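Following our numbering, the numbering of the sequence shown begins with 217 at its first residue and continues without gaps. Heads up, the beta-carbon is just placed ideally off N, CA and C, and yes, glycines get one too. None of the values given here were measured: they were computed from a predicted structure. These notes concern the structure reproduced below.
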Amino acid sequence: MQEIKGVQFVTDSLGHKVGVLLDLHEWGELWEDMYDIMIAKERAGEPRMKLRDFEAELRSEGLLSE
């Protein structure tokens, strides 16, 4: 397999790839995108609220001005 600059694989005792280390100077923007996708998938089942309802709630709590 071809080596990729700034990427190292973590292997188990049998040599199976189980993780990856990314050089954040080289791959930081890609990591941020991947992390955002992981967070979005994790939160997919959470309840949602319309923006105007959320803003109204913040205003009622004095946390957002008109």
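Beta-carbon proximity check, glycine 222 vs tryptophan 243, cutoff 7 Å: Start at 1 with the first residue of the sequence shown, and residue 222 comes out as number 6. Start at 1 with the first residue of the sequence shown, and residue 243 comes out as number 27. Yes. Within cutoff.
Bridge partner(s) assigned by DSSP for leucine 238: Looking up residue 238 in the sequence shown gives position 22. The partner list for leucine 238 (beta bridge, DSSP) reads Val223.
For lysine 257, three-class secondary structure by DSSP: On the sequence shown, residue 257 is found 41 positions in, with the first residue counted as 1. Three-state DSSP puts lysine 257 in a helix.
Same chain, Cβ closer than 8 Å to glycine 235, neighbours up to 5 away in sequence not counted: As a working mapping, residue 235 is identified with position 19 in the sequence shown. Once the five neighbours on either side are set aside, the close Cβ partners of glycine 235 are Phe225, Val226.
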